[in-house]
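No gaps in the numbering here: position 125 of the sequence shown is 489 in the numbering used here, and each next residue is one more. Positions of the beta carbon are idealized from the N, C-alpha and C atoms, including for glycine. What follows is one structure encoded as structure tokens, with my remarks underneath.
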Amino acid sequence: MTQPGAFTRPFMYWVGMDTDPRTTPEALAEFNRFYSTTHMGEVIAAHSGFVSGSRYELLDPDPRGGVHSAPRWLAVYEMADEAAALQHIKDNERPWLHRRRYSQWPPARKRAKTVWRMIWRQISTTGSTNEAPESIFMVGMNVPAETDAESLAAFNTFYTDTHLPEVMAYGGYSRGTRLELYREFAHPAPGCPRFCAIYEADAAATEAREARRAARGTLSSGPPAWEKRDVAWRLVYRRIPPPE
Numbered sequence: 365m366t367q368p369g370a371f372t373r374p375f376m377y378w379v380g381m382d383t384d385p386r387t388t389p390e391a392l393a394e395f396n397r398f399y400s401t402t403h404m405g406e407v408i409a410a411h412s413g414f415v416s417g418s419r420y421e422l423l424d425p426d427p428r429g430g431v432h433s434a435p436r437w438l439a440v441y442e443m444a445d446e447a448a449a450l451q452h453i454k455d456n457e458r459p460w461l462h463r464r465r466y467s468q469w470p471p472a473r474k475r476a477k478t479v480w481r482m483i484w485r486q487i488s489t490t491g492s493t494n495e496a497p498e499s500i501f502m503v504g505m506n507v508p509a510e511t512d513a514e515s516l517a518a519f520n521t522f523y524t525d526t527h528l529p530e531v532m533a534y535g536g537y538s539r540g541t542r543l544e545l546y547r548e549f550a551h552p553a554p555g556c557p558r559f560c561a562i563y564e565a566d567a568a569a570t571e572a573r574e575a576r577r578a579a580r581g582t583l584s585s586g587p588p589a590w591e592k593r594d595v596a597w598r599l600v601y602r603r604i605p606p607p608e
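Here you go:
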């Protein structure tokens, strides 16, 4: 169900999950095998407009911890258009209709917790690649509460045209995609950030990520809303290859 060119659709649905740390390696392998080979396909088949999916495991958590923490497992479902997003919001009000179509999870799911559930809308994309990423660097942030329309426009222009290309250059990322929160179903307090940027890395850039980060130059300063932004999390997830 994983396809090259992840994060290319106009909308996407995320599910973040934590398994119980006491889960045995054998039970965890069974959980992941079922998730990748059975559950993702059933979710895509059950929801109109879901076109593909990919899974990721947290590689580098946000070192600040606490409210900046993130789930270990992330599933990303690509959605064809806004109609699919709106339909999923309606479906969320009647989840039992779709759960009937899902196979029973293995035992590890009973003690696992769903941490994130949200829909994102794509704002922009920079760069291109025909390959699925080895890893993704994700940055979630909010603008100040007092940001007006003009200031928000300046923030978005700077982010898309200046900051994102600078991060891509120092990190060796093949593509950068900006997202805006469309609907939050679940996220720990204080809530899901409004904006998210995803930077896609190949295997070489993934392995060199710490050295590249340490060697980066000074990034450009931005407009007031940018300088006062609140970064909710900085995370690196490694893609889980699709089952053979």
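Exercise for the section: Give the range of the beta strand (DSSP E) segment to which D382 is assigned. Expected result: 375–382
Problem - Counterpart residues of F414 in DSSP-defined beta bridges - result: Per DSSP, M443.
Practice task
Pull up the CB-CB distance for R602 and Y420, whole angstroms please, since I reckon it's below 8 Å.
Solution key: 6 Å
Handout entry: Nearest neighbour of W362, chosen from F559, R558, T401 [CA to CA]
Key = Since the displayed the chain opens at 365 and closes at 608, residue 362 lies outside it and no answer follows.
Problem - Residue burial classification, W460 (beta-carbon count within 10 angstroms, cutoff 16) - result: So W460 ends up on the exposed side.
Problem - Reduced DSSP category for T366 - H, G, I as helix; E, B as strand; rest coil - result: Model confidence at T366 stands at a pLDDT of 41, short of 50, so the residue's coordinates are unreliable; what they give is reported in the following sentence. In the structure shown, T366 sits in coil (DSSP, three-state: anything other than H, G, I, E or B).
Exercise for the section: May I ask you to list the residues that DSSP assigns as paired with W480? Expected result: G380
Handout entry: Beta-carbon gap between A446 and F375 smaller than 8 Å
Key = The question names Ala, but residue 446 in the sequence shown is Glu. Yes.
Practice task
Following the continuous alpha helix (DSSP H) through E394, name the residue where it begins and the one where it ends.
Solution key: 389–398
Problem - Length of the line joining the Cα atoms of R436 and S585 - result: 33 Å
Problem - R539: first and last residue of the uninterrupted beta strand (DSSP E) it sits in - result: From DSSP, the beta strand (DSSP E) with R539 extends over 539–550.
Practice task
Determine the DSSP secondary structure at D455, reduced to helix, strand or coil.
Solution key: helix
Practice task
Using a threshold of 8 Å, state whether the C-beta atoms of G491 and G536 are closer than that.
Solution key: no
Practice task
Spell out the partners DSSP gives N506 in its beta bridges.
Solution key: Paired residues: D594.
Practice task
Just the C-alpha distance for P427 and A518, rounded to the nearest angstrom, thanks.
Solution key: 29 Å
Handout entry: Proximal residues to P508 (C-beta, below 7 Å), its chain only, five neighbours per side dropped
Key = A589, K592
Handout entry: Length of the line joining the Cα atoms of L392 and A472
Key = Between L392 and A472, the C-alpha separation is close to 7 Å.
Practice task
Give the DSSP bridge partners of A565, in chain order.
Solution key: S499
Exercise for the section: Using only the heavy atoms of the ligand NAP, determine whether one of them is closer than 7 Å to the beta carbon of A472. Expected result: Absent from the structure shown: the ligand NAP. Ligands present: none.
Practice task
Grab me the residues of Q367's own chain with a C-beta within less than 7 Å of its C-beta, minus the 5 sequence neighbours each way, in chain order.
Solution key: Note that Q367 scores a pLDDT of 47, beneath 50, so its modelled location is shaky; the value from the coordinates is reported in the next line. If we look at Q367 and ignore the five residues flanking it on each side, its Cβ neighbours are S416.
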